[in-house]
DNA sequence: TAGATTGTTAATCGATTAACAATC
DNA sequence: TAGATTGTTAATCGATTAACAATC
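Chains as they are written, first to last, in this note's numbering: chain A, 25 to 260; chain B, 25 to 260.
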């Protein structure tokens, strides 16, 4: 369940403040979700609460950590040591949560051999042997878009089934491989979309004018009518 | 709609390959979604397709870009110039999509005044004046967790309503403010969760043993029974 | 006209949430 | 016992998708 890390973070905050017990209502507020949803999510893990009392904070932290696999040590390889790869290598949040950066790899001879975050950058040729010998189970792809699919192919061939992809491409993977995608520009695009809605109160009123500026050639006069055509409310 | 950037990327790929027209079926495959969903999403924008033919690639790119506000120039300020802030400042994907980094700000006297990605890092004291004078509409928070809420308070007070947050905290914002959150360690935690499921085939069989290792004190013998209690299938 | 494909309806599915019995 | 809060049911809501009439 994708919300467990959220709950875990809220619980850790409570634990730091010395709070021993929390109700679903309070924890839900802390995590920014509905309390019924929180209880339902937690009930999937087992009956770890006490009616009339709430949840024991430390115990719940332990159970969620175990469910998320954070009581294990996960070896992570980061492929692509550009700005983003460097930031990830230095990102403190990984180590504290059971993730160990086992290797940094890059294709650029300039960066191979340099030291980053206590590791020496290795050549991408070593990818398969690194995965095998250091029991890497999660690969982070922080390469340019053009290189991402090739890296993806190699790591899945090497048996990796969990990939965190920062490259702005949709990776094609065999069945059974999990890809999670972080696209910074998509996040900004979504914000810009909402920002625009706020400013203009919707884009419809400018649609006709904007469509007029369209520099296309084929059949655009007909199509422009579609752009300002009636069957549309002013909302999404 | 959060899927528009996905469609846009697929369309740009088609345009690069010189493809002029695409069916909803083909585009849906490229974007990794169901074709009915794609048609429904696009119909929200207007009737830009031609029955029996498909969609004009260039025209659809233009319409989606306009809907997303990418035909405008968005001034973005990045607060926090650690590794991540640096990576973001250098991230090429922003500029090409209408986002311009108008300012880099930090509280650390060591980095203030240094040059990154063609900009000089400014002191956080200038935050409000930078937002006002450079018409910043989106703020990226890449500070440590402890500083994020304070920065958030200041930028919302300064009128910002779109925030991209990389700090691992849930920000409290006034109504009407959009916050999008990117948490790298949460993404990894979700991957680890699935990875663990693959390896163990579910966590249930180890629940009793794991619960035994729990070092808690209060009433744990009773609660452990909850941990290995019956009413649970072996799925999510 | 015949084939193809959109735009949209209606059905399905899953996720969210209110409500409450169970029970601490 | 009385008050509080969980775990779970049932209702609600929204999102997804199959299907097909409209139409190029």
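Quick reminder that beta carbons are idealized off the backbone N, C-alpha and C, glycines included. For clarity, every value in this text was computed on a predicted model and none was experimentally measured.
- Item | Boundaries of the alpha helix (DSSP H) in which residue 109/B is found, first to last residue | 107 to 114
- Task: Provide the residue(s) that pair with residue 202/A in DSSP beta bridges, ordered along the chain.
- Result: Under DSSP, the beta-bridge partners assigned to residue 202/A are 186/A.
- Span of the alpha helix (DSSP H), counted from its first residue to its last, around residue 90/A: 81 to 92
- Message: My parser needs the beta strand (DSSP E) runs of 3 or more residues fully inside the segment 119 to 202 of chain A; what are they?
- Response: 123 to 130, 162 to 165 and 186 to 189
- Query: With burial defined as no fewer than 16 other Cβ atoms inside 10 Å of the residue's Cβ, what is the status of residue 161/B: buried or exposed?
  - Reply: buried
- Query: Less than 8 Å separating the beta-carbons of residue 281/B and residue 166/B?
  - Reply: Not covered by the structure: residue 281/B. The range shown for chain B is 25 to 260.
- Task: Starting from residue 103/A, follow its DSSP beta bridges and name the residues at the other end.
- Result: Looking at the DSSP assignment, residue 103/A forms a beta bridge with 129/A and 165/A.
- Query: If you compare alpha carbons, which of 34/B, 209/B and 39/B is closest to residue 125/A?
  - Reply: Nearest option by C-alpha distance: 209/B.
- Message: Tell me the rounded alpha-carbon separation between residue 30/B and residue 55/B.
- Response: 6 Å
- What residue from 138/B, 122/B, 87/B and 188/B has the CA that sits closest to residue 205/B's CA? For the set 138/B, 122/B, 87/B and 188/B, the Cα lying nearest the Cα of residue 205/B is the one of 188/B.
- When burial is assigned at 16 or more other CB atoms within 10 Å of the CB, is residue 174/A buried or exposed? exposed
- Can you tell me whether residue 193/A is buried or exposed, with buried defined as 16 or more other CB within 10 angstroms of its CB? buried
- Scan the segment 162 to 195 of chain B for residues whose Cβ lies nearer than 7 Å to a Cβ of chain A and list them as they occur along the chain. Those residues of the segment 162 to 195 of chain B that come within reach of chain A (Cβ to Cβ, closer than 7 Å) are 162, 185, 186, 188, 192 and 194.
- Query: Apart from the five residues just before and just after residue 95/B, which ones in its own chain have a Cβ nearer than 6 Å to its Cβ?
  - Reply: Excluding positions up to five away in sequence, the list reads 89.
- Message: Just checking: is the beta-carbon of residue 121/A within a distance shorter than 8 Å of some beta-carbon in chain B?
- Response: yes
- Give the residues of chain A in contact with residue 218/B, contact being defined as C-beta atoms less than 8 Å apart. 186 and 202
- Task: Just mark residue 127/A as buried or exposed, buried being the case when its beta carbon has 16 or more other beta carbons within 10 Å.
- Result: Counting C-beta atoms within 10 angstroms of its own C-beta, residue 127/A has 16 or more neighbours from the protein chains shown and is therefore classed as buried.
- Take the Cβ of residue 35/A as the centre, count every other Cβ of all protein chains shown within 10 Å, and call the residue buried at 16 or more, exposed below. buried
- Item | Supposed contact pair residue 154/B and residue 195/B - C-beta distance, whole angstroms, cut 8 Å | Contact doesn't hold; Cβ gap of about 20 Å is too wide.
- Nearest to residue 20/B by alpha carbon, out of 49/B, 141/B and 25/B? Chain B is shown from 25 up to 260; residue 20/B falls before or after that span and cannot be answered.
- Considering only residues of the same chain and omitting the five flanking positions on each side of residue 38/A, which have a CB-CB separation below 8 Å? 46, 51, 54 and 81
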